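In the working numbering, the protein residues as written are 1 to 324. Ideal placement from N, C-alpha and C gives every residue a C-beta, glycine not left out. All of these numbers come straight from a predicted model, not from anything done at the bench.
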């Protein structure tokens with residue numbers, strides 16, 4: 001008798017590849033087989049991804065209820081996590097019982113994110129590429145004796161070792177060496193960045209091709225966390241920005257230019273509270289950014305990396321001031 005064919009059903013629509021990795025790992029830990037189906041089937045389908053999702057999670061029909069329960073818990077955690085100026089999350093301000101329950105879930109997700117790895121195919125491509133060509137194109141340095149790329153990152157550098165598939169941030173605030181989004185952005189930058197020089201012509205995320213659809217809901221840039229951190233604290237913003245290599249500009253409001261990667265600058269504009277308007281914060285990109293990062297989710301990932309670095313710098317400055 002032929003083995004019974006397993007019937008798979010859809011249990012969740014995915015926002016991006018990062019959510020896919022986290023949910024897949026969580027379900028597999030519970031012994032649930034998983035199929036991830038992306039919607040990006042053609043060269044043009046990325047334009048439509050924001051309308052229908054990045055992909056879908058499918059599991060055996062008899063495991064569907066359990067899978068939905070697990071995914072629901074992960075989704076609740078994602079909604080709860082909202083960084084405060086100190087770097088702690090909003091859940092830490094709830095009741096002790098809420099903090100205990102949410103904290104345990106949050107720790108599980110953090111551990112899952114820390115375990116994510118850059119795809120093997122990307123590392124293979126990097127090993128097979130010509131280091132001299134990459135160094136010339138990306139303004140990175142390659143040490144042939146140690147087989148390592150040194151990629152300038154904010155006020156420090158990222159060391160990328162293709163042979164051992166390791167990425168390390170030299171110093172810098174926070175535990176950036178375990179940041180999957182940074183790892184992914186750096187590897188893609190080395191593989192795909194072009195020779196285009198930044199023009200210092202700034203565009204918002206909504207001005208990028210497909211950006212008005214993509215940068216919404218789950219992909220909205222986390223500017224609220226910066227507003228919460230620096231509202232009424234221009235001195236803290238200045239100290240934090242300068243500590244990670246920000247250069248003050250006279251573009252508008254309180255603004256700083258950052259070189260997050262050699263050919264990728266960011267412009268941060270902070271508008272202070274006044275009698276008519278609430279404070280606001282905006283992150284602008286050089287118009288050439290799409291020539292260096294091949295998809296909007298990579299730009300979104302690098303923006304998240306930047307926000308975390310600036311918040312970590314603010315926390316470090318605050319701690320330093322308190323110890324004096």
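Inset, instruction - Let me know the secondary structure DSSP gives residue 327 once reduced to three states. - result: Residue numbering for the chain in the displayed model covers 1 to 324; residue 327 lies beyond these limits and cannot be assessed.
Legend entry - Whether residue 296 touches residue 208 by CB criterion (8 Å): Yes.
Inset, instruction - Would you mind giving the Cβ-Cβ distance between residue 285 and residue 203, rounded to the nearest angstrom? I have them listed as a contact below 8 Å. - result: Between the beta-carbon of residue 285 and that of residue 203 there is about 6 Å, and that keeps the pair under the 8 Å contact cut.
Inset, instruction - Can you give me the Cβ contacts of residue 58 inside the same chain, cut-off strictly under 8 Å, excluding the 5 residues immediately before and after it? - result: 8, 9, 10, 11, 34, 35, 36 and 37.
Inset, instruction - Determine the direct distance from the alpha carbon of residue 71 to that of residue 231, and round the result to whole angstroms. - result: 35 Å
Inset, instruction - Taking 8 Å as the cut-off, decide whether the C-beta atoms of residue 226 and residue 281 are in contact. - result: yes
Legend entry - Cβ pair residue 255, residue 237 closer than 8 Å: Result no, Cβ atoms of residue 255 and residue 237 do not sit closer than 8 Å.
Inset, instruction - Can you tell me which of the three DSSP states residue 267 falls into? - result: strand
Inset, instruction - Taking only the alpha-carbon atoms, compute the straight-line gap between residue 164 and residue 148 and give it to the nearest angstrom. - result: 10 Å
Legend entry - residue 310 (DSSP reduced to helix, strand or coil): helix
Inset, instruction - Mark residue 205 as exposed unless 16 or more other C-beta atoms lie within 10 angstroms of its C-beta, in which case mark it buried. - result: buried
Inset, instruction - Determine, using beta carbons only, whether residue 194 and residue 291 come nearer to each other than 8 Å. - result: yes
Inset, instruction - Can you check DSSP and say which residues form a bridge with residue 8? - result: 60
Legend entry - Beta-carbon proximity check, residue 219 vs residue 16, cutoff 8 Å: yes
Inset, instruction - Could you tell me how far apart the beta carbons of residue 151 and residue 262 are, in whole angstroms, since I believe they sit closer than 8 Å? - result: The Cβ separation is near 7 Å, so the contact holds.
Inset, instruction - For the alpha helix (DSSP H) holding residue 249, just list the boundary residues, first then last. - result: First-last for residue 249: 247-249, but that is the beta strand (DSSP E), not the alpha helix (DSSP H).
Legend entry - Cut-off 7 Å between Cβ atoms - residues of its own chain near residue 126, not counting five sequence neighbours on either side: Spatial neighbours of residue 126 in its own chain (CB-CB distance under 7 Å, excluding positions within 5 residues in sequence) are listed in chain order as 162, 187, 190 and 191.
Legend entry - Proximity to residue 20 [Cα-Cα], best of 120, 29 and 55: 55
Legend entry - Contact check, residue 30 vs residue 66, beta carbons under 8 Å: yes
Inset, instruction - Could you pull out every residue in the same chain whose Cβ sits closer than 6 Å to the Cβ of residue 259, ignoring the five residues on either side in sequence? - result: 265, listed in sequence order.
Inset, instruction - Would you kindly work out how many angstroms separate the C-alpha atoms of residue 61 and residue 5, rounded to a whole number? - result: Near 11 Å, if we compare the C-alpha coordinates of residue 5 and residue 61.
Inset, instruction - Might you give, ordered along the chain, the residues of its own chain that have their beta carbon closer than 7 Å to the beta carbon of residue 221, omitting 5 neighbours on each side? - result: Leaving aside the five residues that flank residue 221 on each side, the residues in its chain whose CB is nearer than 7 Å to its CB run, in chain order, 205, 215, 283 and 303.
Inset, instruction - Check residue 159 in the structure and name its three-state DSSP category. - result: strand
Inset, instruction - Give the C-beta separation of residue 244 and residue 154 to the nearest angstrom, bearing in mind that I take them to be a contact with Cβ-Cβ under 8 Å. - result: 5 Å
Legend entry - Limits of the beta strand (DSSP E) - the one that residue 277 falls within: Note, residue 277: premise wrong, no beta strand (DSSP E); not H, not E.
Legend entry - Environment of residue 315 [buried if 16+ CB atoms lie within 10 Å]: buried
Legend entry - Among 246, 217 and 145, the one whose alpha carbon lies nearest that of residue 313: Of the candidates 246, 217 and 145, the one whose C-alpha sits nearest the C-alpha of residue 313 is 246.
Inset, instruction - Answer yes or no: do residue 146 and residue 288 have a C-beta to C-beta separation smaller than 8 Å? - result: no
Legend entry - Candidates 128, 257 and 122: closest to residue 201 by CA position: 257
Inset, instruction - Leaving out five residues on either side along the sequence, give the residues of the same chain with a beta carbon under 7 Å from the beta carbon of residue 170. - result: A distance below 7 Å between beta-carbons, with the five flanking residues on each side excluded, links residue 170 to the following residues of its chain, in chain order: 156, 157 and 159.
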